[in-house]
Amino acid sequence: MDLHSRDLEYFMVVVETQNLSRAAERLGLTQPSMTAALRRLEDQLKTPLFERTRKGVTLTRAGERLSLKAREFLRGWENLITEVRDESQKIKGVYRLGVHPSVGLYSLPLFMAEWLREEPELEIQLFHDMSRRVAEGVISKELDWGLVINPVSHPDLIIKEIAKDEVTIWKGRKCKNDDVLILNDEMKQTEEVLRKFKGAHFKRKIVSGNLEVIRSLVESGAGIGVLPQRVVGFDNKDVVRFSKDAPIFHDRLCLVYRAEARTWPATKSLVRYVEKAGI
28 MDLHSRDLEY FMVVVETQNL SRAAERLGLT QPSMTAALRR LEDQLKTPLF ERTRKGVTLT
88 RAGERLSLKA REFLRGWENL ITEVRDESQK IKGVYRLGVH PSVGLYSLPL FMAEWLREEP
148 ELEIQLFHDM SRRVAEGVIS KELDWGLVIN PVSHPDLIIK EIAKDEVTIW KGRKCKNDDV
208 LILNDEMKQT EEVLRKFKGA HFKRKIVSGN LEVIRSLVES GAGIGVLPQR VVGFDNKDVV
268 RFSKDAPIFH DRLCLVYRAE ARTWPATKSL VRYVEKAGI
């Protein structure tokens with residue numbers, strides 16, 4: 028069954044006027060157009076809604092029942108349209124942002140506080156995972172946006188680069204174990220850096236999935252670490268690059284979202300605040 032709200036609106040005007048000609052005149056329709064709309068309703072409901080009289084029309088039993096329900100339906104429909112329209116124009120509601128924990132630590136504090144202050148009806152749910160899985164979450168519509176390192180091009184994604192980074196080899200100023208390599212072996216960047224690191228002879232490894240733990244161990248002198256510059260920190264005086272010749276993997280930090288999300292006021296606002304932050 029495919030009832031049209033406009034046909035119901037026409038029906039209710041006929042109920043009020045009890046006359047097809049007056050109803051058509053009020054709506055700015057021809058009488059044949061009005062009659063066609065009523066016939067569509069009767070065909071879809073498979074029952075007569077009006078009885079024609081010399082003075083106009085009167086409701087059948089089915090018509091009386093429909094008039095009671097139609098009024099309630101149209102009121103709800105108008106409220107729904109208003110809510111959806113307001114939602115599409117205002118920045119409010121819950122949005123889901125995915126970001127790797129390490130990326131979140133150095134990026135989110137640069138814009139989140141001001142953004143939320145300026146958008147008091149905005150709520151954010153943060154989801155933390157590897158960048159690849161964050162991008163997959165955006166594509167599958169499980170997430171609205173993602174802050175992703177080195178996203179792969181996809182027809183459903185808009186990819187907006189917001190910052191660059193460098194992954195290389197670091198050591199603490201008071202390193203005690205030059206033969207110990209500390210790394211996250213799930214990172215492609217780590218693999219590429221070590222592949223290009225000629226003459227490296229590490230006897231032992233410490234493997235960790237947490238980049239902040241790796242940084243802390245490097246700072247303590249526990250070994251040599253493979254880390255992004257932004258995780259190390261630009262002002263970190265306890266850690267230095269292993270050597271001038273140490274290989275570098277260039278990272279791109281990007282804001283990713285689906286093509287349909289580009290028109291959302293919340294997306295436009297996020298882009299504006301991320302760009303303003305100068306990550």
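Numbering follows the working numbering, in which position 248 of the sequence shown is assigned residue number 275; successive positions increment by one, without gaps. For each residue, glycine too, the CB sits at the ideal point set by N, CA and C. Keep in mind the model is a prediction, meaning the values are calculated, not measured.
Judged by beta-carbon spacing, R279 lies within the 9 Å limit of P178, meaning their Cβ atoms are closer than that value. In this structure, the beta-carbon distance from G173 to N204 does not fall below 9 Å.
The C-alpha of K201 is placed about 19 Å away from the C-alpha of A273. The shortest C-alpha to C-alpha distance from K295 to any of I306, L282 and S48 is the one to L282. DSSP places V165 outside any beta strand (DSSP E); the residue lies instead in the alpha helix (DSSP H), whose first and last residues are S158 to I166.
Distance between R112 and G103, taken at the CA atoms: about 14 Å. By the C-beta criterion, the region 231-241 is judged to be in contact with the region 208-218, since at least 3 inter-stretch pairs fall below 8 Å. Between the C-alpha atoms of P182 and V301 there is a straight-line separation of about 23 Å. The Cβ atoms of P255 and E193 sit closer than 9 Å to each other.
Contact between S180 and I186 is confirmed by a C-beta separation of about 7 Å, below the 8 Å threshold. Approximately 6 Å separates the beta-carbon atoms of L76 and L93; this is inside 8 Å, confirming the contact.
Exposure of A286 is indicated by the presence of fewer than 16 other C-beta atoms within 10 angstroms of its C-beta. The C-alpha of V267 lies about 10 Å from the C-alpha of F261. Ranked by Cα distance from L124, the first of F38, L149, S243 and K198 is L149.
The beta carbon of E146 sits closer than 7 Å to those of I118 and S296, all from its chain and outside the five residues before and after it, given in chain order. DSSP places V245 in the helix class (H, G or I) of the three-state scheme. The three-state reading of DSSP puts G305 in coil, since its state is none of H, G, I, E or B.
Annotation for V126: L174 place their beta carbon closer than 6 Å to its own, counting only its chain and skipping 5 residues before and after. The straight-line gap separating the alpha-carbon atoms of V245 and I151 is approximately 33 Å. By the 16-neighbour rule on beta-carbons within 10 angstroms, G120 is exposed. Residue state for R289 is assigned as helix, using DSSP reduced to three classes. The C-beta separation of I176 from V130 comes to about 6 Å, placing the pair in contact by the 8 Å criterion. The shortest C-alpha to C-alpha distance from A162 to any of T74, Y284 and M39 is the one to Y284.
With 16 or more neighbouring CB atoms inside 10 Å of its own CB, R242 falls in the buried class.
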